[in-house]
Amino acid sequence: MGFVNHLPTRRELLVGSGALFAWSQMPRIARAEGRDPRLLVVVLRGALDGLGAVAPVGDPDWVGLRGDRALVLDGKPPALPLDSFFALNPAMPNLHRLYKTGKAAIVHAAATPYRERSHFDGQDVLESGISKPGVTASGWLNRALLAMESGGRVDPRGSRALGIGSVTPLVVRGSAPVMTWVPQKLLPASEDTQNRLLDLYQHTDPKLATVLQARMKLASLGGAPGTGDQMSDDPTLMPPGIARVRAYFAEAAGTAARYLAKADGPRVGAMGFVGWDTHIAEGAASGQLYNLLGALDGAFAAIESNMGEAWRETVVAVVTEFGRTARINGTQGTDHGTGTVAFLIGGALAGGRVIADWPGLKPAQLFEDRDLKPTTDLRAVLKGLLRDHLRVEEKVLADAVFPGSADVKPMGGLVG
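In structure tokens form, the structure reads like this:
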């Protein structure tokens, strides 16, 4: 397999809908302080149900809002207590352990400036760092690296591009050199994702839509039992079983960590996991969401173990384009929402806390009478990490990394 450096086509975007990573190969952030920090950004594509991941068990309106679908401390299985108000999904014991040892923090009721409910636009705002979608082809992490380079903090020598049949996440695209890596076997797209892509291409690329529709029909006709548990590069096949997802998340995250841990390796990176669009049968305590969060929890363990000694200088920020509806819908799932959670893990964190300006769950307190109201701007969290962990100057953060965000102050105290 050879090295590739090119712009992705729409067909590659379709094929590359699984997890992927990209690193700027700029190995040496200045070590004048005796530090060698790493930052990995994980994007959960599809919109994470923050209330299903971290339940506000101390809110008097919580159980009334979700009924028997609400995570509770005496549930089966019981939610994992974080503090007197919040509890973690029971699928995440490893995150709970990190939290208890001060190496994980959770930001709740958070969101980007985006207030609509399109996955494509929401991810664009999340990764570009611009408050409106479609404005730029570069990402905030790439621009942060350029700022560090101009300030003498980054040595860009030895940069190269690595491409293995997929697409670099927008958050690290831009003028700074990038290398990418993708597992040889991608997770196929879910039926819901297939249908959304089909709708998109029917409006933008009718020929591709016709081909995609034919492949979907062919796959459905040939779908024998067990077909869904096979890994494939073909995005039109059925989604794999959760055992494959867990293995895939762990392999992908572990590989990312090994690259970041190398003495001469990259120091920042981004990766994405798809599958979080839980419209039907979400199952926070035993179903789809529970299984996905368990796979993510395994990915956290893989990152920690593969970082080795570099773990103590590592921060991992797990973000998503928006949240989901506060109420369960008629198909026992949740629809596109607004406020959600961000997970932070790493040996460099000052963790052991849930950071939240809690908005409440009464109907009048919900955003547009349907969503968890966002009270924390996700850019404040990211700016805090970039300023205090990677030492990007505050003015640069406001002007170049997250343009037009001077009124959004970096959140302090996130790193030790």
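Just so you know, this note's numbering puts 226 at position 226 of the sequence shown, and the rest follows in order with no gaps. C-beta: ideal position from N, C-alpha, C; glycine also.
Selection Gly34, Leu40 and Arg35 evaluated against Pro266 yields Leu40 as nearest (Cα-Cα).
Per the Cβ contact rule, the segment 352–369 is in contact with the segment 71–87 (3 or more Cβ pairs under 8 Å). Going by beta carbons, Gly351 and Ala70 fall outside the 8 Å limit. In this structure Lys373 is buried. Its beta-carbon is surrounded by 16 or more other beta-carbon atoms within 10 angstroms. Bridge partners of His389 according to DSSP: none are assigned. The alpha carbon of Val401 has as its nearest neighbour, out of His279, Gly412 and Leu382, the alpha carbon of Leu382.
Between Ala47 and Phe322, the gap from beta carbon to beta carbon is short of 8 Å. DSSP places Met307 inside the alpha helix (DSSP H), whose first and last residues are Gln288 to Met307. A direct Cα-Cα distance of roughly 42 Å separates Ala326 from Lys262. Between Phe367 and Ala295, the CB-CB gap reaches or exceeds 8 Å. The three-state reading of DSSP puts Ala342 in strand, counting E and B together.
Taken atom to atom, the span from the alpha-carbon of Arg45 to that of Asp74 is near 31 Å. A residue is called buried once 16 or more other Cβ atoms fall within 10 Å of its Cβ, and Thr101, having fewer, is exposed. Contact between Ala301 and Ala342 is ruled out by a C-beta separation of about 19 Å, above the 8 Å threshold. In the three-state reduction of the DSSP assignment, Ile242 falls in the helix class, which pools H, G and I. A residue is called buried when at least 16 other Cβ atoms come within 10 angstroms of its Cβ; Glu116 does not meet this threshold and is exposed. Annotation for Leu289: Asp49, Gly52, Thr278, Glu282 and Gly283 place their beta carbon closer than 7 Å to its own, counting only its chain and skipping 5 residues before and after. A direct Cα-to-Cα measurement between Gly416 and Leu349 gives close to 5 Å. If you ignore the 5 residues before and after Arg246, its C-beta comes within less than 6 Å of the C-beta of Ala295 and Gly298, all in its own chain and listed in chain order.
Assigned with DSSP and collapsed to three states, Ala247 falls in helix. In the DSSP assignment, Arg97 falls within the alpha helix (DSSP H) that extends over Pro93 to Lys100. Looking at the backbone, the Cα of Leu65 and that of Ala310 are separated by about 43 Å. Under the DSSP definition of a beta bridge, Ile355 partners with Val107.
The continuous alpha helix (DSSP H) containing Ala53 extends over residues Gly50 to Ala53. Apart from the 5 residues on each side of it in sequence, Ile242 sits with its Cβ closer than 6 Å to the Cβ of Asn291 in its chain, given in chain order.
Selection Arg387, Arg173, Leu361 and Leu260 evaluated against Thr375 yields Leu361 as nearest (Cα-Cα). A direct Cα-to-Cα measurement between Ala257 and Gly346 gives close to 11 Å. Counting along the chain, Gly122 sits inside the alpha helix (DSSP H) bounded by residues His119 to Ser128.
When DSSP reads this structure, Arg38 sits in a beta bridge with Thr314.
If you compare the alpha carbons of Thr180, Gly122 and His96 with that of Thr112, the shortest gap goes to Gly122. When the Cα atoms are used, Leu98 and Glu304 turn out to be separated by approximately 10 Å. Taking C-beta separations shorter than 8 Å and ignoring five residues to either side along the sequence, the partners of Arg379 in its chain run Thr112, Pro113, Gly129, Phe402, Ser405 and Val408, following chain order. By the neighbour-count criterion, in which 16 or more other beta carbons inside 10 Å mark a residue as buried, Asp377 falls on the buried side. Assignment of Thr136 by DSSP, reduced to helix, strand and coil, places it in the coil class.
Secondary structure at Thr334: coil, using DSSP grouped into helix, strand and coil.
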